[in-house]
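Enquirer: Supplied in structure tokens, the structure appears directly below.
2 protein chains.
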Amino acid sequence: MPENREVTIYDIAKHLNISAATVSRGLKNNPMINKNTRKKIADAAKQLGYQSNTFASSLRSKHTHTLGVLVPRLNSYFMSSVLAGMENAANRHGYNLIIAQSLEDAEKEKLNAETMFNKRVDGLLISLSYNTQHINHLEPFFKRKIPVVFFDRVYPHNESTSIVINNYGAAYNITQHLIEQGCRRIMHLGGNVLRNVYKDRLDGYRQALNDNRLPVIQQLYLTSNLSEQAGIEAARYILDMAPDDRPDAVFSANDTAAVYCMLTLKAAGIRIPEDIAFAGFNNDPISKVIEPNLTTVDYSGDTVGNTAVTNLINHLKGDSNLYITNSITLRSDLVIRASSLKKQIARN
Amino acid sequence: MPENREVTIYDIAKHLNISAATVSRGLKNNPMINKNTRKKIADAAKQLGYQSNTFASSLRSKHTHTLGVLVPRLNSYFMSSVLAGMENAANRHGYNLIIAQSLEDAEKEKLNAETMFNKRVDGLLISLSYNTQHINHLEPFFKRKIPVVFFDRVYPHNESTSIVINNYGAAYNITQHLIEQGCRRIMHLGGNVLRNVYKDRLDGYRQALNDNRLPVIQQLYLTSNLSEQAGIEAARYILDMAPDDRPDAVFSANDTAAVYCMLTLKAAGIRIPEDIAFAGFNNDPISKVIEPNLTTVDYSGDTVGNTAVTNLINHLKGDSNLYITNSITLRSDLVIRASSLKKQIARN
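These protein sequence lines are chains A and B, in that order.
Residue numbers are given in our numbering: position 82 of the first sequence equals residue 82, and the series is strictly consecutive.
Residue numbers are given in our numbering: position 69 of the second sequence equals residue 417, and the series is strictly consecutive.
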């Protein structure tokens with residue numbers, strides 16, 4: 001037979017000289033069929049290249065055992081950890097992941113959501129793009145009761161669960177830590193406040209200043225996409241300030257901008273933390289390599305991914321109901337390293 | 349109607365008070381149907397939550413427009429860049445990616461390959477696990493003429509294409525560069541030589557030594573999984589050597605081991621590059637953050653992913669034939685940074 005023709009149960013039956021009905025039962029592991037025969041059938045199926053008809057049976061059952069994952073960018077350390085955690089959980093439960101990235105573009109996010117819908121994913125896991133304004137593009141999922149789980153960059157919605165960390169609390173704590181180190185003019189490098197993660201981090205920072213009766217200085221708040229380049233530009237902005245106007249600490253909403261700001265300031269002779277203390281967010285690998293090592297917030301992408309998928313699958317299996325869970329907040333840790341330890345340096 | 353019932357063309361027809369045949373033609377964008385009517389049909393389909401039947405039509409056409417991607421680990425910087433490049437190319441051609449990770453385990457790789465096969469992917473993209481010994485688990489794909497593209501960690505096979513860089517040449521060049529900087533006792537931190545990438549880097553290193561009539565010293569070759577911990581242990585190994593036996597340079601087969609080896613040696617007072625010069629491989633973000641910055645080999649994961657998917661899809665579309673392409677070698681660049689520049693330091 002030509003090699004690329006589909007192998008059927010009839011081919012297996014012919015090969016073993018038994019009936020197609022026996023093959024069919026054997027492939028379903030029906031105990032009516034003798035164990036040895038079942039083994040023979042399984043071996044022949046493998047040898048001949050038989051593909052079990054998950055595809056047709058999906059069509060019948062209306063379940064594809066496939067989850068859609070829609071992320072802003074695949075190539076970030078955090079997102080790759082999230083994906084690793086998702087794949088682990090999905091694999092354990094016999095689900096597959098289809099992935100797509102919006103490249104931080106709302107329009108591409110919309111097109112990707114349409115594709116996922118037409119691919120009939122059993123559920124959708126989504127972290128929103130930088131400039132997504134609304135979630136009308138997810139309406140088809142809500143209408144058809146296909147569960148949607150938001151993670152990290154989330155959107156309030158009555159029938160979806162969000163997996164987040166307490167961004168507000170983490171930012172509050174890291175700002176409080178800088179204040180305890182004696183910092184009074186703390187700059188914040190923030191992202192787009194359309195996204196909860198950046199809005200909450202900004203709010204936590206401001207609240208900590210307020211609670212310590214420190215002024216919120218507009219000049220010390222920069223927003224950007226928090227890229228390497230944005231970190232370099234923030235450093236230039238600081239260097240252009242009159243020395244007395246400069247911040248004595250920088251809290252960046254991610255590690256990348258913090259690290260590239262530090263490198264640029266160090267090259268200009270600024271001492272860290274003596275002149276300017278630093279704190280970032282994410283605990284990326286670069287935060288442990290920069291000197292001095294960067295104080296940051298650690299939260300496990302792996303756990304975010306694992307939790308998102310596990311909750312989605314439990315819902316699909318009927319073991320729990322996502323629609324009554326509004327949000328799941330995961331733990332994060334303040335990791336204090338040398339970049340913010342002004343007092344210790346002063347004591348030495 | 350109940351919200352989770354499947355919406356059919358009959359629902360759309362009823363909603364618009366036109367015939368189901370008109371709806372069917374309109375959804376296929378048949379020019380026989382008036383343009384305004386087509387728009388009305390498309391709008392109603394969206395509003396009612398109609399899912400185009402890609403699923404059933406896949407079953408008819410035997411194509412799923414889905415590619416399987418099987419990688420050792422999702423959470424590495426290189427692999428996340430590869431995935432980003434793959435998603436870009438797949439998305440552009442209307443293909444989706446199903447992903448799975450072997451977690452460096454041959455057995456899990458085998459199970460993942462089976463799942464991909466039964467999910468009826470149109471093609472498979474695979475980078476082998478650390479300890480995969482053979483590719484018998486890919487036989488079902490070869491039998492059914494489902495094209496397989498290997499990338500990065502590849503396996504010689506007559507009917508598959510491999511996407512690689514010239515690992516041998518890159519390792520040769522970086523070793524030659526260290527020799528030109530005056531290094532004579534160059535240590536190599538290598539990976540499992542079962543995998544082409546590590547075997548070829550080792551061979552390139554050795555050939556450069558031979559061509560410069562330098563001895564290949566067994567004591568200066570360590571193999572490991574090239575993790576952070578492996579880098580730290582390599583540093584301890586060096587520190588345990590008598591000072592005269594120590595290497596004057598280290599060429600590591602990845603950046604992670606190089607960087608953690610550097611950090612540990614620096615903490616022990618070893619000067620880089622004056623006492624020991626360093627070179628890595630991959631151009632990971634940490635290589636630009638470590639001080640001194642790490643000399644390394646840059647090759648774009650994005651390009652690897654893009655090339656692998658584009659070639660696979662061109663084959664599936666009949667535009668080209670993968671089976672006659674044995675391998676595609678992509679360009680890599682030697683990136684020289686301060687960690688290896690002994691001579692410049694000597695001159696200053």
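Cβ coordinates follow ideal geometry from the N, Cα and C atoms, glycine included.
Bear in mind that the values here come from a model prediction, so they are computed numbers and not experimental data.
Which complete alpha helix (DSSP H) runs does the region 532 to 566 of chain B hold, if anything under 4 residues is left out?
Expert: 544 to 559
Enquirer: Does residue 276 of chain A have its Cβ less than 9 Å from a Cβ in chain B?
Expert: As a position in the first sequence, residue 276 of chain A is number 276, starting the count at 1. Residue 276 of chain A does not count as touching chain B.
Enquirer: Do the region 471 to 489 of chain B and the region 538 to 552 of chain B make contact, defined as three or more Cβ pairs closer than 8 Å?
Expert: yes
Enquirer: Within the chosen definition, does the region 151 to 169 of chain A reach the region 217 to 232 of chain A through at least 3 CB pairs nearer than 8 Å?
Expert: no
Enquirer: If you measure from the beta carbon of residue 632 of chain B to each beta carbon in chain A, is any gap under 9 Å?
Expert: What you label residue 632 of chain B is simply residue 284 of the second sequence in a count that begins at 1. Yes, contact with chain A.
Enquirer: Would you mind telling me which residues of chain A sit closer than 8 Å to residue 607 of chain B, beta carbon to beta carbon, in chain order?
Expert: As a first step, residue 607 of chain B must be located in the second sequence, where it is residue number 259. Contacts between residue 607 of chain B and chain A, judged by CB atoms closer than 8 Å, involve 289 in chain order.
Enquirer: Mind listing the chain A neighbours of residue 421 of chain B? Cutoff is C-beta to C-beta under 8 Å, in chain order.
Expert: In the second sequence, residue 421 of chain B corresponds to position 73, counting from 1. Those within 8 Å of residue 421 of chain B in chain A are 84.
Enquirer: Between residue 471 of chain B and chain A, is the shortest Cβ-Cβ distance under 9 Å, so that the two count as touching?
Expert: For the purposes of this step, residue 471 of chain B is identified with residue 123 of the second sequence, where counting begins at 1. With 9 Å as the cut-off, residue 471 of chain B does not count as an interface residue toward chain A.
Enquirer: Which residue spans inside the region 81 to 144 of chain A form an unbroken alpha helix (DSSP H) run of at least 4?
Expert: 106 to 118, 139 to 143
Enquirer: Which residues, in chain order, does the region 133 to 146 of chain A contribute to contact with chain B at a C-beta distance below 7 Å?
Expert: From the region 133 to 146 of chain A, only 140, 143, 144, 145 have a Cβ closer than 7 Å to chain B.
Enquirer: Who are residue 165 of chain A's beta bridge partners in DSSP?
Expert: The count along the first sequence starts at 1 and reaches residue 165 of chain A at position 165. DSSP, once it has assigned bridges, lists A:330 as partnering residue 165 of chain A.
Enquirer: On the DSSP letters alone, give me the boundaries of the beta strand (DSSP E) that residue 68 of chain A sits inside.
Expert: Mapped onto the first sequence, residue 68 of chain A falls at position 68. It spans 66 to 71 - the beta strand (DSSP E) in which residue 68 of chain A sits, taken as one unbroken run.
Enquirer: For the beta strand (DSSP E) that contains residue 325 of chain A, what are its first and last residues?
Expert: The residue given as residue 325 of chain A occupies position 325 in the first sequence. Careful: residue 325 of chain A lies outside any beta strand (DSSP E) and carries neither H nor E.
Enquirer: Name the two residues that bound the continuous beta strand (DSSP E) containing residue 625 of chain B.
Expert: Along the second sequence, one-based indexing puts residue 625 of chain B at 277. Counting along the chain, the unbroken beta strand (DSSP E) around residue 625 of chain B starts and ends at 625 to 627.
Enquirer: Secondary structure at residue 659 of chain B, three-state DSSP: helix, strand or coil?
Expert: Position 311 of the second sequence, counted from the first residue, corresponds to residue 659 of chain B. Of the three classes helix, strand and coil, the one that applies to residue 659 of chain B here is helix, per DSSP.
Enquirer: Over what stretch of residues does the alpha helix (DSSP H) that includes residue 23 of chain A continue unbroken?
Expert: Looking up residue 23 of chain A in the first sequence gives position 23. Unbroken alpha helix (DSSP H) run through residue 23 of chain A: 20 to 27.
Enquirer: Could you give the DSSP three-state label for residue 378 of chain B: helix, strand or coil?
Expert: Here residue 378 of chain B refers to the residue found at position 30 when the second sequence is read from its first residue. DSSP places residue 378 of chain B in coil when its eight states are reduced to three.
Enquirer: Can you give me the start and stop residues for the beta strand (DSSP E) that residue 250 of chain A sits inside?
Expert: The residue you call residue 250 of chain A lines up with position 250 of the first sequence. Residue 250 of chain A: member of the beta strand (DSSP E) spanning 249 to 252, first to last residue.
Enquirer: At which residues does the beta strand (DSSP E) containing residue 222 of chain A begin and terminate?
Expert: Taking the first sequence and counting its residues from 1, the one referred to as residue 222 of chain A is at position 222. Residue 222 of chain A -> beta strand (DSSP E) spans 221 to 223.
Enquirer: So residue 148 of chain A is in the beta strand (DSSP E); what residue range does that whole segment cover?
Expert: As a position in the first sequence, residue 148 of chain A is number 148, starting the count at 1. First-last of the beta strand (DSSP E) with residue 148 of chain A: 148 to 151.
Enquirer: Assign residue 652 of chain B to one of three DSSP states: helix, strand, or coil.
Expert: Position 304 of the second sequence, counted from the first residue, corresponds to residue 652 of chain B. Residue 652 of chain B falls in the helix class under three-state DSSP.
Enquirer: Which whole-angstrom value is the C-beta distance of residue 340 of chain A and residue 295 of chain A, which I expect to be below 8 Å?
Expert: As a position in the first sequence, residue 340 of chain A is number 340, starting the count at 1. As a position in the first sequence, residue 295 of chain A is number 295, starting the count at 1. With 8 Å as the limit, residue 340 of chain A and residue 295 of chain A qualify as a contact, their Cβ atoms being about 4 Å apart.
Enquirer: Can you pull the DSSP bridge partners for residue 297 of chain A?
Expert: The sequence position of residue 297 of chain A within the first sequence is 297, counting from 1. Per DSSP, A:334.
Enquirer: Nearest chain B C-beta to residue 117 of chain A closer than 9 Å, yes or no?
Expert: Residue numbering aside, residue 117 of chain A sits at position 117 when the first sequence is read from its first letter. Yes, residue 117 of chain A counts as interfacial toward chain B.
Enquirer: Determine whether the beta carbon atoms of residue 89 of chain A and residue 328 of chain A lie at a separation below 9 Å.
Expert: Start at 1 with the first residue of the first sequence, and residue 89 of chain A comes out as number 89. Start at 1 with the first residue of the first sequence, and residue 328 of chain A comes out as number 328. It is not a contact, given that the beta carbons lie outside the stated cut-off.
Enquirer: Which partner residues does residue 282 of chain A have in the DSSP bridge list?
Expert: Along the first sequence, one-based indexing puts residue 282 of chain A at 282. Residue 282 of chain A pairs with A:298.
Enquirer: According to DSSP, is residue 241 of chain A part of a helix, a strand, or is it coil?
Expert: If you number the first sequence from 1, residue 241 of chain A lands on position 241. Reduced to three states, the DSSP call for residue 241 of chain A is coil.
Enquirer: Would you mind giving the Cβ-Cβ distance between residue 678 of chain B and residue 652 of chain B, rounded to the nearest angstrom? I have them listed as a contact below 8 Å.
Expert: Along the second sequence, read from residue 1 onward, the residue named residue 678 of chain B stands at position 330. Along the second sequence, read from residue 1 onward, the residue named residue 652 of chain B stands at position 304. Distance from residue 678 of chain B to residue 652 of chain B at the Cβ level is roughly 6 Å; contact confirmed, criterion being Cβ atoms closer than 8 Å.
Enquirer: What does residue 318 of chain A reach in chain B if we use C-beta pairs closer than 8 Å?
Expert: Sequence index remark: in the first sequence, residue 318 of chain A carries index 318 (1-based). Annotation: residue 318 of chain A has no Cβ neighbours in chain B at a cutoff of 8 Å; minimum Cβ distance is about 14 Å.
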